[in-house]
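I have placed the structure first, in the form of C-alpha cells, so that the comments after it can refer back to it.
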Amino acid sequence: MNNSDNSMNEKNTSPIVTDADNTSVQSGKKHGNLLPKILSVAAAVILWLYVFQAVEYEKVFMDVPIKIENFNTSLDIDIVSGYDQTIDLTLSGTKSVINDVNADDITVSVDMTNVTDRGTHVVDINVDAPNGAKIVDMSLRQLKVTIDKTVEKEIEITPVINYNIQYPYEMGEPQLSQTVARLKGPETDINSVKSALLLLNLGNIKNTIDSSAPIVLYDENDYELSSQYIIVDPSNVSVNIPVYKTQIFDVLPDISYDDSKFEISVEPSSVYLKGLVNDVEALSSLKTEKKTVNAVGEYELSLLLPGDVTASTERILTDGSEISSVKLIVTEKKQKEPNNTKENE
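If you count by my numbering, then the sequence shown holds residues 1 to 345, one letter each, in order.
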C-alpha cells in the first residue's frame, strides 16, 4: 500500500498547465514578433527623414525669363535686343526644399543702372533663388544688350502682285486699306528700310480679289530686312483688286410700233460691255429705254447699263469708242405688189 501511495503521490506532483498559462505564452510570442516590426518602421522613418532633410537633389528649370531692371527710359534711348532672353538654371537642395520650388519662385535679372548710352553692353546676370536652394549651373552668366535711339518713320506701301489673267478678263487698280505704314524701332534699323512691299501671289484670276498680306520691309539692295525690333503699323493690309470682263451683246430695242407699216434697225446692232465680272455675267441681254414709234425717222435710244458697266463699239475701250445710246432707224415698210394673175393671162 505504501508503495502504491508513493507512486500516486509522485504522479500527483507533475506540473499542471492551465488555460491562463497558455494565454500568457501566446501573448509573449506576439510581443516578441511586434518589437522587430516597430523597430523596422522607426528605422524607415528615420531614414526617410534623413533623405528628405539631408540628401541633396538637383532640379532643372528651363526658359526662365531675364528681367531688365533700372533702365532709364528718359534718355531717348531704348533696348533693342536682349529684352526677350531666357536662361536655363539647375538648382540643388534637400528634397523638402527642391520639391516646393517652381520657376515663378526664381528671379533672374540684370541691372541696367550704369547703361546710359547707345551701343552693345554686356551685363552680369543675377539669380535670386529661394532659401535653401543653391545654384549649380546657368546657361548664361552675362547678357548682351543693345541700346539705340528709338525713331519713327512713315513709308508708302507698294503692292507687288504675281498673277495670271487672260482675255476677256482684265485686272483693275488694287485698292489698299492702308497706303502708308508707320515704322517704329532702333534708328539704325529704321534708316536701313527703303521700301515696304505687299506681296500677293494670286494665280489665275477670273473674278474680283479680296485678300490681305503682311508688309515686308526691304533695304536699298532689295534684301528683306529681318529685324525683329521694328514695329510695323499696320502689320497686315487688306487689298481689293477689281477684275473686269468684256463681253459682246446684241442690242434689243424696247419699242412699240406698227410692224405692218414700219421696219426698224439699230446702229450699232451689237456692242461690247465692260464691267465687274459679276455685273457683266448677270446680264442676259442688252436692252434700251422704252419708246413708242409712230413715224419714219431716226431716234436716239439710251442703253440700260447696270452699275459701272460701260459700252463700247470696240473690243478695247479707247477714247471716242464709249457710247451710252444707239440710233434707231425707222423706215416705211415696202408693201407687197398685188398678184394680178388674170391680166397676165
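For each residue, glycine too, the CB sits at the ideal point set by N, CA and C.
Quick caveat: nothing in here was measured; it's all calculated off a predicted structure.
Hey, could you find the ends of the alpha helix (DSSP H) residue i is sitting in?
i, result
"LYS95", "95-98"
"GLU281", "277-281"
"THR188", "187-191"
Among the options, which has the Cα closest to the Cα of residue i?
i, options, result
"TYR257", "TYR299, GLN228, LEU276", "TYR299"
"LYS245", "ARG141, ASN207, VAL271", "ASN207"
"ILE87", "GLU173, MET138, LEU305", "MET138"
"ASP117", "THR288, ASP254, PHE71, VAL160", "PHE71"
"ILE165", "ILE190, ASN204, VAL280", "ASN204"
"SER284", "LEU252, LYS194, GLU314, THR292", "LEU252"
"GLY93", "LYS37, ILE135, VAL80, GLY320", "ILE135"
"LEU75", "ASN114, TYR83, TYR57, TYR163", "ASN114"
"PHE61", "ALA181, GLY119, LYS37, ALA129", "ALA129"
"ILE68", "VAL127, LEU35, LEU286", "VAL127"
"SER177", "LEU317, GLU281, ILE241", "ILE241"
"GLU56", "SER324, TYR83, VAL97", "VAL97"
Hey, how far is the Cα of residue i from the Cα of residue j?
i, j, result
"LYS334", "ASP259", "11 Å"
"LEU303", "TYR169", "23 Å"
"GLN66", "LEU140", "A quick correction: the sequence has Ile, not Gln, at residue 66. Computed Cα separation, rounded: 10 Å."
"PRO214", "THR90", "41 Å"
"VAL25", "LYS59", "Summary for VAL25: the model assigns pLDDT 48, below 50, so the residue's position carries little reliability; its value from the coordinates is reported in the next sentence. Cα to Cα, the separation comes out at about 55 Å."
"VAL123", "LEU202", "49 Å"
"ILE248", "VAL239", "30 Å"
"GLU224", "LEU217", "6 Å"
"VAL330", "SER265", "7 Å"
"SER14", "ALA44", "The predicted model places SER14 with a pLDDT of 47, which falls under 50 and marks its position as unreliable, so this point remains unresolved."
"VAL326", "ASN278", "24 Å"
"GLU289", "LEU183", "55 Å"
"MET171", "LYS291", "37 Å"
"ILE231", "GLU173", "28 Å"
"SER211", "ASN236", "10 Å"
"LYS95", "ASP104", "18 Å"
"THR179", "LYS153", "14 Å"
"ILE255", "GLU332", "16 Å"
"ASN131", "ASN99", "13 Å"
"ASN33", "SER40", "12 Å"
"PRO36", "ALA133", "38 Å"
"VAL296", "PHE262", "7 Å"
"VAL101", "THR73", "34 Å"
"ASN321", "PRO268", "A quick correction: the sequence has Ser, not Asn, at residue 321. If I take the Cα positions, the gap works out to 12 Å."
May I ask which residues mark the beginning and end of the beta strand (DSSP E) holding residue i?
i, result
"PRO253", "243-256"
"MET62", "56-69"
"GLY203", "195-204"
"GLY119", "119-124"
"ALA213", "209-218"
"PRO159", "150-164"
"GLU298", "297-302"
"VAL309", "From DSSP, VAL309 is part of no beta strand (DSSP E); its letter is neither H nor E."
Which whole-angstrom value is the C-beta distance of residue i and residue j, which I expect to be below 8 Å?
i, j, result
"VAL271", "SER312", "7 Å"
"PRO347", "VAL80", "In the structure as shown, the chain starts at 1 and stops at 345, and residue 347 therefore has no counterpart that could be examined."
"LEU276", "GLY307", "7 Å"
"ALA181", "ILE209", "In fact, because the Cβ distance is near 21 Å, the residues do not count as touching under 8 Å."
Would you please verify whether the beta carbon of residue i is less than 9 Å from any beta carbon of chain B?
i, result
"GLY320", "Looking for chain B here will not work: only one protein chain is present."
Looking at residue i and the ligand GTP, is the gap between the Cβ and the nearest heavy atom below 8 Å?
i, result
"ASP84", "Of the ligands one can find in the structure shown there are none, so the ligand GTP has no counterpart to examine."
* Any 3 or more C-beta pairs closer than 8 Å across the stretch 96-113 and the stretch 148-167 -> Taking 8 Å as the limit for Cβ pairs, the verdict is that the stretch 148-167 does not touch the stretch 96-113.
* So, do the stretch 182-198 and the stretch 155-170 have three or more beta carbon pairs nearer to each other than 8 Å? -> Contact between the stretch 182-198 and the stretch 155-170 is established, with three or more Cβ pairs separated by less than 8 Å.
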